[in-house]
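Taking it in order: structure first as structure tokens, then the write-up.
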Amino acid sequence: MSVQMPRYGAVIVAAGKSTRMKEFKQMMQIDHMAIAERVVKKFLHAGVQDVVMITGYRADEIEKALKKLGIVFLRNEKYETTQMLDSAKIGLRYMEGHCDRIYFCPVDVPFFSENTIRLEMTRKENLVFPICRNRIGHPILFDAALIPDILEYQGPRGLKGALDSFSAQTTCFLPVSDEGAVMSADTPRDAEYLKKLENDQKIHVESSISIALEKPFFNRDTVTLLRQIDRLGSVHEASDRTGISYSKAWQLIRDAEKGFGRQLVERSAGGKSGGEAHLTKDGRDLVFLYGELEFRVQRYAQQEYCNIFDTEKPFSKNVTKAKI
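In the working numbering, the protein residues as written are 1 to 324.
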């Protein structure tokens, strides 16, 4: 397998407590979807392959609710005494060497549009800020080459200070007509206003892809498992994290390897947890290529939905999701 396309990743910080919101903000439901889930799905639907969420406060609750989305969870155990930059660094250490371009977003900015993500993808600068109404918004996009400098930064103003330290020649301030990119869900009133914005946006098609021979042998569940194996180094831990049995996890791996005719997981036997396991290069490439296929199929499905239902062309505005 050969992968030539840029690998996009996203770091979502969801570690802190909510001080102004009366309820647990990360899991607050807006139109039957938690804020944290909404942010993750925006990235996945826009074609971002690797998504990592940094948890801390009530981490078990968030990870259990979102485990089927195929993302990686990392914890900031010191979330009560550290800043957002510290959580961001945890995610960036994981992303280093995995992705070419990385988005960053706090979990409490849940209503930026997928079109904003795609517009940022068209830029080549090392650092891209979306700008709406003369305000800097999210998600921020930066090149992986900046990661070492961000990790070493110890100056004032946290992540903002780290990003401001880079040369203006490498920075793009990208105008977008996306009010959700510059609004945080800090209070119940904010959340209600953002909900209205979301409800004014158009329908989005969801698709599900399975790869099959005589029967399906590779789908999103397998991808979710493989991502967790690559992160945790253990099939046993990955099966626990994804909520499937250890025997079912190995069956998914064997079916995928048989179907594609190549080894996807390297394993070493031994120990009560089943030994160590890591993805081969083919395994990592396959996970990435499946995500690219899923994105292209979804984009095509959205275009056909617009043609068949005689509605607006896709991605011209912000979008919400509805199963068709």
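Even for Gly, the Cβ is constructed at its ideal location relative to N, Cα and C. What you are looking at is a predicted structure, and each value in this text was computed from that prediction instead of being measured.
Only exposed fits Pro-156, as fewer than 16 other CB atoms lie within 10 angstroms of its CB. Taking every protein chain shown into account, the CB of Ser-113 has 16 or more other CB atoms within 10 angstroms, so this residue is buried. The residue among Phe-104, Val-51 and His-32 with its C-alpha nearest the C-alpha of Gly-291 is Val-51. If you check the CB distance, Val-176 and Gln-302 do not come in under 8 angstroms.
For Glu-294 against Ile-211, the beta-carbon gap comes to about 11 angstroms, at or over 8 angstroms, which does not count as contact. Taking C-alpha positions only, Arg-299 is separated from Cys-306 by approximately 11 angstroms.
By the neighbour-count criterion, in which 16 or more other beta carbons inside 10 Å mark a residue as buried, Met-5 falls on the exposed side. When DSSP states are grouped into helix, strand and coil, His-278 belongs to the strand group. Separation of the CB atoms of Phe-129 and Phe-166 is rounded to 11 angstroms, and the pair is thereby denied contact status at 8 angstroms. Where Phe-260 is concerned, the enclosing alpha helix (DSSP H) starts and stops at 246-260.
The alpha carbon of Gln-29 has as its nearest neighbour, out of Phe-104, Asp-108 and Ile-12, the alpha carbon of Asp-108. With a 10 Å radius around the Cβ and a threshold of 16 neighbouring Cβ atoms, Pro-110 comes out buried. Pairing Ala-144 with Tyr-153 gives a Cβ-Cβ distance that is not under 8 angstroms. For Ile-131, the enclosing beta strand (DSSP E) begins and ends at 127-132. The beta carbon of Asn-219 sits closer than 6 angstroms to the beta carbons of Ser-210 from its chain, once the five residues preceding and following it are set aside; these are given in chain order. Contact annotation, Gly-9 with Ile-54: C-beta distance approximately 13 angstroms; criterion of less than 8 angstroms not satisfied.
Relative to the Cα of Ile-253, the nearest Cα in the group Gly-97, Gly-180, Leu-279 and Gly-243 belongs to Leu-279.
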